Structure formats: C-alpha cells, structure tokens
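> The structure follows.
Residue numbers (my numbering): 19 to 771.
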C-alpha cells in the first residue's frame, strides 16, 4: 500500500480544538497562553520545569515523526532518550491529542523494532481526547502488514480500552468490514469481536456475516466472544440468526487493557490534584467539575463532539471523508425539550456513553428511540465499570467508596427517570451480593435492588433472595428495616410495570422478558411469601421490635390492595407470625396500620366475590376458600381483641390466642374474660387513661368499667380524633352496630337542609 503524505505523515496532525489548547507548543500544564501575547509571564520554577518537560516531549515527537529506516534501540541514544521521555510524560500527565498521530504511525509502520513499538503503544495514555483521524490513519497500517502480529493485537487491545476517548466514531464505523475481516486471524479474533460489539448497528448485520460467525463457531466451538456478537446480531435481526443462544447475561469479554486503565486513572487523579487549570483539558466541558475518579468523569458530556465542524475543516481538501452526508446535532447544544423534539431524528450521541446517565435529554432520547444499539452500548459500559470498580469485590478500592457511592446513586436516579431497571445492575447485584457485607454503599445497593426487573422467581430466589436472606437475618435492626423498605419498592415497581404494559401485549411481553400472566402472578406471590417468611423470623430475633413491625406492615399495606389497584388476582394474608404480634403490639401506630390493612383486605375480597357472583369479568384465577377462611379467622381474632373481649375463648387459629379457662384462671387476672378490648388493649391503654381523666377528673381510681354505653361511643370518637383513622375504618366496616349507626348518621347529615 502506497503511503500518502497527506494522511500518513502530515506535517502537523489534525487537532482537536479546545479553548485552553491551541497547538503542541501551547499545551503546557499550568501555563496559559494569551491569544494576543506570545510571552508567558510570571513563570514559577515549577512552571519552568514543566516547560522543560514539554520541550523534551516536542523534541521526542519531532524525532519519531522524522525517523526513517530500521533503527536499533541499543545503538541509538537519541531513540532511547526520546522513548523514555514519551513514557515518562505519558505516565505523569498523559499525552496531548497531537501526539497520537505521530506515535501510532511510527509504532505500526514497522520502522522500529517490536520492543520499541510495544513500549510506544503501552505509553499511549490520553490526557483529553484521541482524534479519530489518528486512529483511522493508524488502522490503514494494518493493511500493509508492516507490523508484527503481536503489535497488531496490542493495538486492538488499546483501541478497545480507549474507545470512549475517541472524539468521533463515524469514520471508524465505516471501517466495520475491515474489522470483520480480522476475525479470520486466530490471535486477533477475540479482540476484533470485542471491537465489533462496540461498533455494531442494525445496518451492519448481514447474512454473509452471520454465516461467517457460524462457520467460526463450528471451527473453534462456542466461544464467549463469538456468542456475544451472535447475540447482538440476533437481537437486531432475529429472523436471520436462527440458532439458540444461551439466554443468561454474562461477561463476554475479558478486560483487555487493565494497565492502560490504571494508568489513565492515575494520570487523571494526579492532574486534577495538581492543577485546576489542567482539569478542563481532559474533561472538555464548560461546567464546573467535581473531582471524581474515572467512572464519574465518564458521566460528563465531552465537548469534543461539538467541534465537529472544526475537525472537518482541519482534515483538508485532499483527505477522503467517510462520514455520511446527513447532518447530525450534537447533544452538547441541547438546551430545551423542544430542541430535542426537533432534532431527535439526527441526534449525535456523545462518545462517552456514561454521560447519558446524567443528561435528562439523553434519557428522554433513550426512552424514545428504537435503536437498541444505544442501550447495549450503555449497558456494556456500565457492566464493565460495575464489575471492575465494585469496592467490596476489589480489595484496594475501599478508599474510593465515596466516589463509588456517587456512581451508584447516579445509576439509581437514571432508573427512576426511565422507570425501569438496567440489566447491568441486575447482573451486578447477582454477582456482588454474595460478597457484600451489608455495610458498604448500603443505601445505594438497596435502592438498585428496588428496580430489579420482573423475572421467573426461581432465578431470583437462588441468585438474589438466598444471599439477601442471609444478610437480613444476621444484620442489625436498621438493616432489616432498610431491606424491607427496598422490597416494598420492588413489589410496587413490579406491579406498576404490569399495570403500564397490561394493554400493550407486545411491549408487555418484551418488557417482562416473555413472562406470562401466570408467571407474573406466581413471581409476585413468591416475593410476598418470601418477605412473610423472613419477617416472621426477624420479629423473633428482634423481640417484636415496634420499628421492625412498622416496616413489615408497610409492606403489607401495598400487598392488601393488589387486586383492586392492579387487577392481579392476588390476595395473600400476612403469616400468623406477623399478624398476632401486630395485633398485640403496644404501639398504637402499628395497631392502627393493621386495622387499615384488614379493612383493605375486606374491600378487595368483597369486590372479588361480587365479580365472581355477577360474572362481570372472567377471572383466570379465583381466590381459594382458604383465603377467605384465613381472613375470617384473623377478623374474628381482631373483633375479639378490640370489641367483644372473647379472643381468649374463640380464636380458633392454630397459632391464635385461644387458651383453656383453667390456664386463664391461673393468671389471677380479675375479669379475664373482658381484660382485652378497645379500652384495655395495651396499644390504646394510654388513650383510655387520658379519656378517663377528661371525663371524670375527680376520679383517680382509673375504673375502666365506666367506659360503657354512651361513654363507649364517646370514647370511640375520642380515639378517632387522635388520628387513628385505620381503627375507625376497620370498626365501621366490621362491627354491625357501629356500621349501621355510621350509615344512619351519614344519612341524617345528607337530609339536613
């Protein structure tokens, strides 16, 4: 292949223009060049030292740009010095965009020995962005076989690692066929698959490419990297890929650039600590920046794609543009929602896919577009980041817990915005929960848990519920309360998901991963049963803590209305190990909440029974007689405890309050038959005392038997006035005398003129 001076060895490579960066000589850390002055004033010794290093970098780059022929490293002191200079500056503060065209050309042209080429490639650490023209120019060297296989593989690894730092992708996407051609080489195949996975769009899926991948699979077996590309192809064109592929999400690619990533992180952290001036150089944004590690810096929109017009001019007239003629609209210029609607058909996504999480316009865009390559690209980046940066999976990452918390918080906010969970977070939870101590990033992890997608419960139980139950039962009271709150949010999100997609069969099936209606019912029922089981055990461990009981009842507050609010034929009563401790609770808040829950259970059951009798709707499922029987048993126990004072005699539940009369006599409690009612119940005993003091201020004997007849009704009104609305609803719906009186009173109010 003949070398073209305009594209292979330009006198000055195309630049990515920034307001703090003009040319290579002006790229000085901590030194600003005034546009009208060429003299740097007030230079400190530190700045002078940096200038000296920059001069050395310019000399080294000039040497590599002009080197010709095969030069031995051992016999050339200038080469040794230039190579050392590049490596040192790259590791200290990264390389400017102008350096990549020169160094990539010399490393891939075969002019130098492989030892030098490998060291050059390993030193390609960006300080800001990498010009796309430099990458395209270097790819052309792979066509002429000037460099060894080892250097080519290393170049592909580097390209995958720095993919998000390349300012544009249009010309690289145009080379899709070339990268696909590399699949035939055994050493390059895994990395070519990885790169193709990042580049693939629907228009890239062709029958001949699918046949090629299937032939490779038949030759080398079901390798994870081939499976990844085939899965992506099948996603875009399921009618073309007819083979069955494993459905579970997994890590398809190994991390190809751990050393580069570590060096990039170190360079960025060092730059932002040493100088505030250098920070915009590699973030390229006009907004104020927070000092975060790599995963948070990737969340910021790069301004480089906004400079596309400048780059087009800098390419020159002789260069061949591989871009399409359609104009694109950079997301950095979006200011209003109306702008998004007007330009949504030609929106140019940023090179850093992580910035989607923090930009509301891009989140709206993701909700709208049907191009799933954007979702897959984001999920791949998120999955890799979560896997590599998880603080309790990587031993030396605990010092960065705060940054990781912020990153998880950003993901959670994006999920709330989209009203759906990310599959990458699901895999992250499955992977990391067995290793989690329940302390690090607790709030963030449990929030992500609440957005788990609805799946078959057998998978969720083994991968999520079992490790979560171990943590739940062995952790503190406050952790138990946090888990219960998260599981309540998870249940509500599942139910909302069902309600939203109920009318759209295709969307519903796709969103729930082809979960059938019966599958939805079974999964929700299993989750409720799981919470009931761990709640029963937790109450015993925590000695019926009132705080824990509040969160348990808060969960069942969502359960009791599933039929009427979401149309699912589900009505699952709390287990006896939850109901009876709540019924005998000494906290009026919990008793009031239990009363409201029982009132809503009754409302849902009555509605279900009426629908069954009138046949207004055909139910796929009907509530069993056992459900009604369990409700009636609980109802009898509550009425006996709060009204008729016969819970000790008539509570027939196997775990109920019924006791032998001889045993009750041994308690030496006087009038034990009337010792538990709405006056003497431990949760409302304080209210009864206050009522006696107000009704009979001179009586200090606290004779509760005085509260009867009309005083009983006054006492009820007094309780209702204290905010016990759940108790009021339960009594008026369950006690015939009170219910009739309430209806009569309401009728009189309506008849008044």
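For each residue, glycine too, the CB sits at the ideal point set by N, CA and C.
On a predicted model such as this, the values are computed, not experimentally measured, just so you know.
Of the residues 631, 588 and 664, which one's Cα is nearest the Cα of residue 641?
588
> Within the segment 393-474, note down every full alpha helix (DSSP H) run reaching 4 residues or more, in order along the chain.
419-436, 441-450 and 460-467
> Are there 16 or more other CB atoms within 10 angstroms of the CB of residue 591, so buried, or fewer, so exposed?
buried
> Just to confirm my understanding: we take residue 263, look at its own chain, exclude 5 residues before and 5 after, and list those with CB closer than 8 Å. What are they?
245, 248, 249 and 252
> Quick test of your reading: residue 538 and residue 574, contact by CB under 8 Å. State the CB separation rounded to the nearest angstrom.
Incorrect: roughly 20 Å between the Cβ atoms, too far for contact.
> Give me the residue from 382, 581 and 455 with the minimum Cα distance to residue 433.
Selected option, being the one with the closest Cα: 382.
> What first and last residue would you give for the alpha helix (DSSP H) that runs through residue 231?
225-238
> What runs of the beta strand (DSSP E), each 3 residues or longer, lie entirely inside the segment 673-740?
none
> For residue 597, list the residues DSSP reports as bridge partners.
According to DSSP, which records beta bridges pairwise, residue 597 is partnered with nothing at all.
> Let me confirm a value: residue 401 is counted as buried when at least 16 other C-beta atoms fall within 10 Å, else exposed. Which label applies?
Under this definition residue 401 is a buried residue.
> Under 7 Å between the Cβ atoms of residue 502 and residue 548?
Going by C-beta atoms, residue 502 is not nearer than 7 Å to residue 548.
> Please report how far the alpha carbon of residue 88 lies from the alpha carbon of residue 128, in whole angstroms.
8 Å
> With distances taken from CA atoms, which of 697, 571 and 396 is nearest residue 181?
396
> So, is residue 704 buried or exposed, given that buried needs 16 or more other C-beta atoms within 10 angstroms?
exposed
> Based on the DSSP output, what are the partners of residue 115 in its beta bridges?
In the DSSP output, where bridge partners are listed per residue, residue 115 has none listed.
> Along the chain, where does the alpha helix (DSSP H) containing residue 387 start, and where does it finish?
Premise fails: residue 387 is in no alpha helix (DSSP H) and is neither H nor E.
> What do you reckon, are the CB atoms on residue 410 and residue 454 nearer than 7 Å?
yes
> Give me the Cβ distance between residue 660 and residue 695, rounded to the nearest whole Å; I'm assuming they're in contact under 8 Å.
6 Å
> Kindly list the residues whose CB is nearer than 7 Å to the CB of residue 294, restricted to its own chain and excluding five residues on each side of it in sequence; keep chain order.
Reliability of the predicted coordinates at residue 294 is poor, the pLDDT of 40 falling under 50, and no value is obtained from them.
> Please report how far the alpha carbon of residue 607 lies from the alpha carbon of residue 567, in whole angstroms.
10 Å
> Would DSSP call residue 85 helix, strand or coil?
Residue state, collapsed to three classes: coil.
> Where do the ends of the alpha helix (DSSP H) carrying residue 591 lie?
Careful: residue 591 lies outside any alpha helix (DSSP H) and carries neither H nor E.
> With a 10 Å radius around its C-beta and 16 neighbouring C-beta atoms as the bar for buried, classify residue 179 as buried or exposed.
buried
> Pull up the distance between the alpha-carbon of residue 578 and that of residue 551, whole angstroms please.
17 Å
> For residue 230, I'd like the list of residues in its chain whose CB is within less than 8 Å of its CB, leaving aside the five on either flank, ordered along the chain.
198 and 201
> Between residue 733 and residue 709, is the Cβ-Cβ spacing less than 7 Å?
yes
> What number of angstroms, rounded off, separates the C-alpha of residue 697 from the C-alpha of residue 722?
7 Å
> Hey, how far is the Cα of residue 490 from the Cα of residue 100?
So the alpha carbons of these two residues sit roughly 59 Å apart.
> Below 8 Å, can you find three or more Cβ-Cβ pairs linking the segment 79-96 to the segment 109-127?
yes
> Spatial neighbours of residue 769 within its chain, please: CB distance less than 6 Å, with the 5 preceding and 5 following residues excluded, ordered by chain position.
Note on residue 769: pLDDT 36, under 50, position unreliable in the model; the coordinate value appears next. Correct list: empty, nothing qualifies.
> Is the separation between the beta-carbon of residue 172 and that of residue 139 shorter than 7 Å?
yes
> Between the Cα of residue 593 and those of 585, 467, 169 and 556, spot the shortest distance and give me the residue it belongs to.
556
> Alpha carbons only, please: which of 706, 718 and 716 is nearest the one belonging to residue 735?
706
> Assuming residue 485 and residue 451 make a contact with CB atoms under 8 Å, what is their CB distance in whole Å?
4 Å
> To which residues of the same chain is residue 740 closer than 7 Å at the C-beta, ignoring the five residues directly before and after it?
Once the five neighbours on either side are set aside, the close Cβ partners of residue 740 are 705.
> Can you tell me whether residue 120 is helix, strand or coil according to DSSP?
helix
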